[in-house]
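Visitor: In full-length UniProt numbering, the protein residues as written are 1 to 217.
Backbone N, C-alpha and C fix where the C-beta goes; we use that ideal spot for every residue, glycine too.
These numbers were taken from a predicted model, which means no experiment stands behind them.
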């Protein structure tokens with residue numbers, strides 16, 4: 001199991017961003033991942049690199065319960081093993097050909113990844129729904145300071161015009177970027193969703209401005 005991301009559940013995407021039979025990229029500190037959803041709906045996470053020629057698997061495609069590389073079509077299962085090599089249809093791929101896998105799952109509309117084989121339960125966000133995700137150049141502490149809220153286990157509770165909202169944060173890449181998922185009350189109206197999305201953009205500008213001034217770093 002790869003050990004280059006933190007040993008805890010990390011929010012990498014919203015469930016709505018990963019339809020059935022699709023794959024998306026995710027960046028975490030020193031790990032680039034391909035997150036994919038099989039036809040059955042199961043979510044998997046693998047290193048974003050095909051062992052054959054190094055092509056990003058997040059550029060690939062999902063058919064049934066397998067993820068295929070866009071380059072030469074090498075097909076991988078949920079456990080990371082190579083299932084088939086189109087150029088050699090009669091060959092049974094050896095077990096040594098496999099892509100590194102991460103533990104993945106989803107709860108309350110959020111997709112989580114863990115580097116641990118056995119981890120605690122995924123965090124609960126019952127009563128919220130995912131609205132959108134952004135990446136910004138500021139720390140989670142700076143983000144929390146901008147709205148006068150507490151950062152608790154990489155989550156920030158936020159009231160937007162009296163409506164409940166929550167920000168889930170995770171480091172994204174080696175450049176210090178921060179991935180932020182906005183969750184809002186599941187009873188929110190369309191107008192409230194628009195207002196929340198606008199508020200998030202304003203918060204992004206405030207946090208990046210504060211980071212540039214060296215505040216709450």
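What do you get for residue 194, buried or exposed, if any count of 16 or more other CB atoms within 10 angstroms of its CB means buried?
Guide: By the 10 Å Cβ count, residue 194 comes out exposed.
Visitor: By a C-beta neighbour count over all protein chains shown, 10 Å radius and 16 as the cutoff for buried, is residue 91 buried or exposed?
Guide: Classification of residue 91: exposed, given that the 10 Å Cβ count is below 16.
Visitor: Figure out for me which residue from 188, 154, 38 and 191 has the closest Cα to the Cα of residue 104.
Guide: The shortest Cα separation from residue 104 among 188, 154, 38 and 191 belongs to 38.
Visitor: Rounded to whole angstroms, how far is the Cβ of residue 167 from the Cβ of residue 160, which I believe are closer than 8 Å?
Guide: Actually they are not in contact, since the Cβ atoms of residue 167 and residue 160 sit about 11 Å apart, beyond 8 Å.
Visitor: How would you call residue 54, buried or exposed, if buried means at least 16 neighbouring beta carbons within 10 angstroms?
Guide: When all chains shown are included, residue 54 counts as exposed.
Visitor: Does the pairing of the region 174-193 with the region 129-139 give three or more beta-carbon distances under 8 Å?
Guide: Yes, they touch.
Visitor: Can you tell me which of the three DSSP states residue 175 falls into?
Guide: Coil.
Visitor: Mind reading off the beta-carbon distance from residue 125 to residue 108? Whole number of angstroms is fine, and I expect it under 8 Å.
Guide: Confirmed, Cβ separation roughly 4 Å.
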